[in-house]
Amino acid sequence: MISIWKGLNYKREAVAINHSANCILSGPCTLADTDKCNRMCPSYVAMHGYAGDGGRVGAAGLPSEYRHLTVNNSPARTGQAAAYTVVDKYVDTFKTGDRIKSLYLYSAEPGTGKTTTAAALLNEYLTAHYIGCLQRGETPLERPTFFWDVNEFQRDYNAFSRPMVPRETAEPAAARYYRTMRIAESVPFLIADDIGVRDATDAFRADLHSVINRRVVSGLPTIYTSNIPMAEMLRLFDARIADRIRDMCGEVHFVGKSKRGRR
Ligand SMILES: Nc1ncnc2c1ncn2[C@@H]1O[C@H](COP(=O)(O)OP(=O)(O)OP(=O)(O)O)[C@@H](O)[C@H]1O
Ligand SMILES: [Mg+2]
9 MISIWKGLNY KREAVAINHS ANCILSGPCT LADTDKCNRM CPSYVAMHGY
59 AGDGGRVGAA GLPSEYRHLT VNNSPARTGQ AAAYTVVDKY VDTFKTGDRI
109 KSLYLYSAEP GTGKTTTAAA LLNEYLTAHY IGCLQRGETP LERPTFFWDV
159 NEFQRDYNAF SRPMVPRETA EPAAARYYRT MRIAESVPFL IADDIGVRDA
209 TDAFRADLHS VINRRVVSGL PTIYTSNIPM AEMLRLFDAR IADRIRDMCG
259 EVHFVGKSKR GRR
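Numbering of the sequence shown is given in my numbering, commencing with residue 9 and proceeding in unit increments.
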């Protein structure tokens with residue numbers, strides 16, 4: 009009899025230990041790896057949903073491979089000591105209540121870990137927002153942060169703005185495009201992934217600028233990732249708004265060669 013109970017307890021513990029790896033709250037959570045750590049935990053459901061692909065992480069639009077990233081477990085930390093010194097200090101500002109600045113993650117070389125780091129920052133913000141709200145007795149926002157894939161946004165733009173696009177293709181793309189734009193211009197914390205689009209029409213660029221202008225005017229922080237230097241990107245903005253972006257934004261350089269395909 010005793011051995012059966014031992015077996016059950018062991019099994020229950022094993023399930024619990026595995027489960028914490030699925031939750032971005034596992035670092036700060038005091039219940040992580042206890043028998044209360046399972047997929048019915050209200051905070052797990054709030055973050056990841058009942059099926060594990062929803063909740064606030066799902067609403068943030070993060071690609072699935074980034075959903076459990078934190079700045080501590082980020083593979084991009086390796087070889088980016090200088091960038092992660094800045095990133096670690098930056099994450100602390102999520103908890104202090106000080107005004108959160110913007111960051112521009114830059115490397116000319118692709119595959120250096122900019123998007124990975126931006127995704128980890130999104131998860132850190134989400135965690136800090138959720139825990140901070142609970143501590144203050146407030147209801148956490150359903151979507152405090154959003155991953156804006158600028159390349160995908162441009163693909164949607166092209167899908168409805170080319171001549172002779174069939175209506176059944178154009179309409180869903182246009183609906184997605186304008187819905188994304190509304191979210192990107194107003195969400196409290198935005199990742200603008202791959203902002204340095206080349207080959208953009210004037211009309212598409214005007215939409216990009218409109219999103220960024222609105223955020224800057226409202227003092228909302230943004231993490232940009234880009235393969236073009238911030239100074240070059242800012243030349244595309246009018247001087248007044250470029251100054252305001254520069255004032256509130258730190259540029260972080262990612263170094264070395266592409267790590268793509270290493271894992
Ligand atoms: N230091 C690292 N060690 C191991 N793998 C890494 C490291 N940095 C990044 N990677 C991996 O390399 C791949 C590319 O990273 P990521 O997409 O973040 O690069 P990026 O800088 O955004 O690239 P791009 O400029 O093309 O957008 C990912 O699979 C990521 O996990
Ligand atoms: Mg990238």
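Each residue gets a CB set at the ideal place from its N, CA and C atoms; glycine is no exception.
In this text, all values refer to a predicted model and were calculated from it rather than measured experimentally.
Can residue i and residue j be called in contact, C-beta distance under 9 Å?
i	j	result
T124	Y74	yes
G204	E176	no
I199	L244	no
A136	F102	yes
G227	Y98	no
R222	P152	no
D164	A182	yes
A84	T120	yes
N235	E117	yes
N46	H27	yes
G145	T78	no
A128	P71	no
L134	M55	yes
G60	F154	no
D210	M189	no
Y138	L39	no
V225	R252	yes
I191	H217	no
N80	Y52	no
M238	R213	no
D195	V94	The sequence shown places Val at residue 195, not Asp. Their beta carbons are not under 9 Å apart, which means V195 does not touch V94 by this criterion.
Span of the beta strand (DSSP E) holding residue i?
i	result
G258	C257 to H261
A231	The sequence shown places Ile at residue 231, rather than the Ala named in the question. Unbroken beta strand (DSSP E) run through I231: T230 to S234.
D201	F197 to D201
Where do the ends of the alpha helix (DSSP H) carrying residue i lie?
i	result
S278	Any question about residue 278 goes unanswered here, given that the chain covers just 9 to 271.
N159	V158 to S169
V53	P50 to H56
A178	R175 to S194
A59	Premise fails: A59 is in no alpha helix (DSSP H) and is neither H nor E.
A239	M238 to L242
Could you tell me which uninterrupted beta strand (DSSP E) segments, each at least 3 residues in length, are contained entirely in the stretch 84-155, listed from first to last along the chain? Whole beta strand (DSSP E) segments, 3+ residues: 110-114.
Decide if the stretch 104-111 is in contact with the stretch 216-235; the criterion is three or more beta carbon pairs, one per stretch, under 8 Å apart. yes
With a cut-off of 8 Å, do at least 3 Cβ pairs link the stretch 159-178 to the stretch 253-266? no
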